[in-house]
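Chemist:
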Amino acid sequence: MTTRTQSLDTPAGPARITWHTARGARHVLALGHGAGGGIEARDLQALAAALPPRGITVALVEQPWRVAGKKVAAAPKVLDDGWRGLWPALAEPGLPVVAGGRSAGARVACRTAAELDAAAVLALSFPLHPPGKPEKSRAEELTGAGRPALVVQGGRDPFGRPAEFPPPTAQAPYELVEVPEADHGFAVPKKAGVTQEQTLTVITEAVAAWLDRLSP
Numbered sequence: 318m319t320t321r322t323q324s325l326d327t328p329a330g331p332a333r334i335t336w337h338t339a340r341g342a343r344h345v346l347a348l349g350h351g352a353g354g355g356i357e358a359r360d361l362q363a364l365a366a367a368l369p370p371r372g373i374t375v376a377l378v379e380q381p382w383r384v385a386g387k388k389v390a391a392a393p394k395v396l397d398d399g400w401r402g403l404w405p406a407l408a409e410p411g412l413p414v415v416a417g418g419r420s421a422g423a424r425v426a427c428r429t430a431a432e433l434d435a436a437a438v439l440a441l442s443f444p445l446h447p448p449g450k451p452e453k454s455r456a457e458e459l460t461g462a463g464r465p466a467l468v469v470q471g472g473r474d475p476f477g478r479p480a481e482f483p484p485p486t487a488q489a490p491y492e493l494v495e496v497p498e499a500d501h502g503f504a505v506p507k508k509a510g511v512t513q514e515q516t517l518t519v520i521t522e523a524v525a526a527w528l529d530r531l532s533p
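Counted from 1, the sequence shown has number 518 at position 201 by this note's numbering; the numbering is strictly sequential.
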């Protein structure tokens with residue numbers, strides 16, 4: 318695995334990709350961060366470490382607002398514009414690109430997957446609704462992605478527990494993996510009976526197995 322950082326201009330401002338490049342890669346997995354943090358998130362870092370040895374190049378995408386040092390995320394339209402601006406660089410290796418991200422980054426991936434011709438969508442901690450407001454559902458973003466999708470969701474996620482998600486349909490196929498005892502950031506309490514390391518392994522193994530099934 319080799320690692321490099323690439324800075325790019327987008328319609329939303331300068332952005333950055335940190336590449337974790339696999340030898341003989343069969344996919345690029347592009348991962349955007351959430352609205353409350355950056356690519357240092359534990360799940361993004363775990364995937365960037367675990368997947369390249371298994372033939373998946375991981376591209377961690379930093380949105381312009383984050384690169385600029387702002388503390389508040391940009392509006393959804395601006396996030397989408399930034400993601401679109403980065404897409405040619407993500408596709409440059411000539412491999413199928415799986416669009417993904419955590420939380421707000423997952424929403425961006427879902428909203429733009431069809432127009433950018435993503436191979437599939439990975440949604441980590443998809444924010445199905447604001448905490449305590451299940452009536453404000455964002456399920457249409459997920460079910461309208463128009464691509465095969467995997468949702469990896471913490472069992473205690475206040476933005477949407479696994480049981481709250483709508484069932485997949487032929488028109489909106491997706492798989493859902495529950496991460497037991499995990500919250501929105503995939504943190505687990507000490508009393509959970511599982512360690513943080515074991516929890517991250519659940520995530521990386523589920524994503525790796527799903528990507529294996531995507532391969533021709």
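Built from N, CA and C at the ideal position, the CB exists for glycine as well.
Three-state secondary structure (DSSP) at A352?
Modeler: It is coil, neither helix nor strand.
Chemist: If you reduce the DSSP assignment to three classes, tell me which class T516 lands in.
Modeler: In this structure, T516 counts as helix in the three-state DSSP scheme.
Chemist: Based on the DSSP output, what are the partners of E495 in its beta bridges?
Modeler: Q470, per the DSSP bridge assignment.
Chemist: Taking DSSP as the reference, what is the three-state secondary structure of Q323?
Modeler: Reduced to three states, the DSSP call for Q323 is strand.
Chemist: In this structure, what does DSSP give as the bridge partners for R464?
Modeler: In the DSSP output, where bridge partners are listed per residue, R464 has none listed.
Chemist: Mind listing, in chain order, the continuous alpha helix (DSSP H) runs of no fewer than 4 residues lying wholly within the stretch 354-392?
Modeler: DSSP runs (the alpha helix (DSSP H)) wholly in the stretch 354-392: 359-367 and 381-384.
Chemist: If we ignore side chains and look at the alpha-carbon of each, how far apart do A342 and G418 end up?
Modeler: So the two alpha carbons sit approximately 19 Å from each other.
Chemist: Can you give me the start and stop residues for the alpha helix (DSSP H) that V425 sits inside?
Modeler: That run of the alpha helix (DSSP H) goes A421 to L433.
Chemist: Can you tell me where the beta strand (DSSP E) with P331 in it begins and where it stops?
Modeler: G330 to T338 is the span of the beta strand (DSSP E), which, as asked, contains P331.
Chemist: Between F445 and A456, which are expected to be in contact by the criterion C-beta below 8 Å, what is the C-beta distance as a whole number of angstroms?
Modeler: Here the sequence assigns Leu to residue 445, which means Phe is not the residue at that position. About 6 Å separates the two Cβ atoms, so the contact holds.
Chemist: Along the beta strand (DSSP E) that carries A437, what are the first and last residues, could you check?
Modeler: A437 to L441 is the span of the beta strand (DSSP E), which, as asked, contains A437.
Chemist: I'd like to confirm the pairing. Which residues does DSSP put opposite L346 in its beta bridges?
Modeler: Partner(s): V375 and V415.
Chemist: Between the stretch 446-455 and the stretch 386-395, can you find at least three pairs of beta-carbon atoms closer than 8 Å?
Modeler: The stretch 386-395, when compared against the stretch 446-455, does not touch it at the 8 Å Cβ threshold.
Chemist: Hey, how far is the Cα of A504 from the Cα of H350?
Modeler: If you take the alpha carbons of A504 and H350, they lie about 16 Å apart.
Chemist: Would the beta-carbon of A329 fall within 8 Å of that of I520?
Modeler: Contact flag unset, no.
Chemist: Secondary structure at G399, three-state DSSP: helix, strand or coil?
Modeler: It is helical.
Chemist: What whole-angstrom Cβ distance do A339 and I373 have, given they're in contact under 8 Å?
Modeler: Correct: roughly 6 Å between the Cβ atoms.
Chemist: Taking all protein chains shown into account, decide if R530 is buried (16 or more other Cβ within 10 angstroms of its Cβ) or exposed.
Modeler: Exposed, because fewer than 16 other Cβ atoms sit within 10 Å of the Cβ of R530.
Chemist: Quick one: measure Cβ to Cβ for A347 and V415, integer angstroms, because I've assumed they're closer than 8 Å.
Modeler: Contact holds; Cβ gap of about 7 Å.
Chemist: How many angstroms separate the CA atom of G461 from the CA atom of P490?
Modeler: Answer to the nearest angstrom: the Cα atoms are 10 Å apart.
Chemist: Within a Cβ cutoff of 7 Å, which residues of the same chain sit near S324, ignoring the five residues on either side of it in sequence?
Modeler: P331 and R333.
Chemist: If you reduce the DSSP assignment to three classes, tell me which class P506 lands in.
Modeler: Coil at P506, not helix or strand.
Chemist: Do you know offhand how far P410's Cα is from G354's?
Modeler: Each residue's alpha carbon lies about 27 Å from the other.
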